[in-house]
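I have placed the structure first, in the form of structure tokens, so that the comments after it can refer back to it.
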Amino acid sequence: MKIGIPVLDNKGLESEIAPHFGHVVFLAVYDSETKSLEFVKVNQMSSGCSPVLALDEKKVDAIFSHGLGMNAIEECKNRKIILKTGDYRTVKEVVENLDFLEDLTESCGH
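Under the numbering used here, the first residue of the sequence shown is numbered 37, with each subsequent residue one higher.
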């Protein structure tokens, strides 16, 4: 599985999860098959969907977030990207708990 994770900075596995998905500058992309981690710079547009669009060429299966707005959720649905969440604060915590991530089913209200 390839999972995109919105982060505040590029500090490898120690990168902190960003609280606002639509305003991130970086996304971590972790591939559980190859155990590789890479970072994608997000070119912000006027839409909170910029992070979803930035992941298009990475072909992620899932996105981890503490919350997404309705537009971003719709963009993910259109791309058949699974949405996951959980009480994790760093990329390392997400990676170590991939089997325990919960389904993200509701918008954060944005």
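C-beta: ideal position from N, C-alpha, C; glycine also.
- In the DSSP assignment, Ile117 falls outside any beta strand (DSSP E) and carries neither an H nor an E.
- In the three-state reduction of the DSSP assignment, Glu69 falls in the coil class.
- Assigned with DSSP and collapsed to three states, Asp92 falls in helix.
- Put simply, of Pro42, Ile41, Gly58 and Ala98 the residue whose alpha carbon is nearest the alpha carbon of Asp139 is Ala98.
- For Lys128, no beta strand (DSSP E) segment is defined; the enclosing uninterrupted segment is the alpha helix (DSSP H) at Val127 to Glu132.
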